[in-house]
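Going by the working numbering, the sequence shown opens with residue 26, and the numbers climb by one from there.
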Amino acid sequence: MIKRMFMTFMVVLSATVDVNAKTASNAAEDFNLVVQQYLLSSDAAQSAVFFKEVLAHPALTISNLEDAIKTGRVYPAKPSTGFLHKSIEVAGFKMSYAMHVPPNYDVKKSYPLIVCLHGAGFVGDSYIDRWQSRLGSDVILVCPTIQGGAWWSPQGENLVLDVIDAVSSEYHVDPEKVFLTGMSNGGIGVYLVGMFHADRFAAIAPMAGGIPNEIFPFLKNFSATGIYIIHGAHDQVMPVRLSQELSAYLEDAEIPHTYREHGKEHPRAGGHFFPREELPALVKWFNGQRRIATPVRIESVRDVNHLAPFYWTEINQISGKVADVQKSLFNNDEVELVKNGSFASLTTEIEGNTVNVESARVGKFTLFFNNRLVDFSKPVRVVVNGKTYFEGQLTESPAFLLEEAKRRGDGVSFYAASVQIDLSK
């Protein structure tokens with residue numbers, strides 16, 4: 026009798042556990058769905074409805090919200106694979122990119138994304154074959170096309186970023202394994218696009234490229250991003266001194282990087298090429314790199330047109346004249362500002378719950394926080410140029426985290442609180 030009662034109790038208990046587990050699973054799925062609906066909605070009224078649903082959901086916690094943002098995205102089950110040519114509209118212009126997706130692509134698996142920028146006289150389609158055969162089928166490879174290899178233009182910059190967003194919305198890209206590489210003009214583009222968006226990339230690998238010494242200060246933006254430089258010692262198109270001087274600057278600034286100088290020459294290209302023998306070491310290096318989402322120390326150097334969030338900092342207002350790097354290609358006044366080093370900068374570092382900041386040409390800025398950066402149970406202190414501008418308790422806000430995740434759109438930047446500092450006060 027007792028044995029029969031015990032067995033009955035266990036059956037009932039088991040059924041109850043199964044029902045509770047299923048209910049919890051359904052609640053999590055429903056929560057993930059409404060979070061993704063909010064993040065993907067482009068309609069303001071619709072977004073407001075989804076926003077309220079997320080905040081009223083019984084599954085809402087900071088941890089669950091982060092998980093839903095990072096892993097809840099739904100991708101097409103069977104997108105096109107193999108070699109592809111795609112069109113994309115960038116600021117009203119029809120442009121294109123070539124890409125290769127592994128034939129055995131599995132939507133449940135996340136893939137590294139390598140974006141390769143071509144040189145002058147080439148197009149993305151002519152790069153895709155040579156790169157894919159060298160990289161194999163464990164990555165998604167993308168090669169956009171821009172006329173003349175003008176990656177230093179605003180259009181070139183927007184093309185690179187828009188292509189990354191487009192590919193990441195259709196395929197399961199690992200946001201912590203996005204790489205930017207390129208050769209010749211493409212190598213220049215790697216620096217110029219990468220230096221203002223270093224927080225988007227796990228690493229960059231410029232080849233046979235370079236930038237003017239006057240804009241070397243922007244290389245400090247790579248302080249938390251991997252750098253792998255390759256240049257030919259006998260390069261007759263882009264002199265090797267360009268990379269030598271750049272590497273020396275990185276060394277002096279204590280920015281970790283790898284510099285490879287090869288002595289090979291090609292029958293037609295001379296020393297201005299990327300030797301096949303250099304690839305295995307580069308691929309191995311790529312495999313060991315991951316994007317650092319929340320570095321405790323950030324060096325941010327910005328021009329007037331690149332004041333978007335950078336990791337957990339954002340310059341909201343500049344002070345005085347600040348250069349426009351892209352416009353300096355055509356405007357003598359901007360050239361002088363660049364030569365004079367008229368750039369806005371923030372150097373921020375967290376020690377315990379104290380944020381030490383050094384700033385130049387900055388009037389107002391915002392710092393963003395999560396529980397990996399500070400202990401929310403204790404007061405946070407912000408010291409700027411030796412003066413305390415803020416000291417107080419911060420509270421994690423799911424609403425703020427959600428809005429900030431939508432604004433950034435990378436799926437891995439989670440900030441639940443912020444402090445804005447006005448240096449004019």
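Each residue gets a CB set at the ideal place from its N, CA and C atoms; glycine is no exception.
Counted as a single uninterrupted DSSP element, the beta strand (DSSP E) harbouring Tyr122 occupies residues 118-126. Nearest to Glu374 by alpha-carbon distance, out of Val382, Pro200, Glu91, is Val382.
For Tyr253, the enclosing beta strand (DSSP E) begins and ends at 251-257. Shown here for Pro169: same chain residues with a beta carbon closer than 6 Å to its own, the five before and five after excluded, namely Tyr122, Gly149, Leu184, Val188 in chain order. Taken atom to atom, the span from the alpha-carbon of Lys364 to that of Val329 is near 15 Å. Checking the DSSP bridge columns, you'll see Glu324 partnered with Thr372.
Taking 8 Å as the cut-off, the beta carbon of Gly388 is found closer than this to the beta carbon of Leu448.
Inside the stretch 276-311, DSSP marks whole beta strand (DSSP E) runs of 3 or more residues at positions 283-287, from first to last along the chain. Of Ala294, Tyr253, Arg293, the smallest CA-CA separation from Leu275 is found for Tyr253. Where Asp92 is concerned, the enclosing alpha helix (DSSP H) starts and stops at 87-96. Assigned with DSSP and collapsed to three states, Glu239 falls in helix.
Annotated as distal: Ala369 and Arg397, with beta-carbon spacing of 8 Å or more. Under the three-state reduction of DSSP output, Ile171 falls in the coil class, being neither helix nor strand.
The beta carbon of Ile240 is closer than 7 Å to those of Val350, Val363 in its chain, skipping five residues each way along the sequence. In this structure, Leu427 lies near Tyr63, with their beta-carbon atoms less than 8 Å apart. Out of Ala441, Pro423, Ala442, the CA that lies nearest to the CA of Lys77 is found in Pro423. Following the DSSP letters along the chain, one finds Ile343 inside the beta strand (DSSP E) bounded by residues 338-343.
Rounded to the nearest angstrom, the Cβ distance from Pro231 to Gly207 is 6 Å, consistent with a contact under 8 Å. The shortest CA-to-CA distance from Ala175 to any of Asp154, Gln157, Val167, Tyr216 is the one to Tyr216.
Boundaries cannot be given for Phe226, as no alpha helix (DSSP H) includes it and DSSP labels it neither H nor E. Val140 and Phe221 do not touch by the CB rule: their CB atoms are close to 15 Å apart, not below 8 Å. Under the criterion of beta carbons closer than 8 Å, Ile165 and Met124 qualify as touching, at roughly 7 Å.
DSSP places Asp447 in the strand class (E or B) of the three-state scheme. Here Asn246 is near Ser325, since their CB atoms are less than 8 Å apart. About 11 Å separates the CB atoms of Asn378 and Val408; that is not less than 8 Å, and the two are not in contact. In the DSSP assignment, Tyr414 falls within the unbroken beta strand (DSSP E) covering 412-417. When Asp435, Gly417, Phe401 are compared, the shortest CA-CA separation from Ala441 is found for Phe401. DSSP places Lys103 outside both helix and strand once states are collapsed to three, so it counts as coil.
One thing to note: Gln261 has its Cβ within 8 Å of the Cβ of His297. When the beta-carbon positions are compared, Ile340 and Phe390 come within less than 8 Å of each other.
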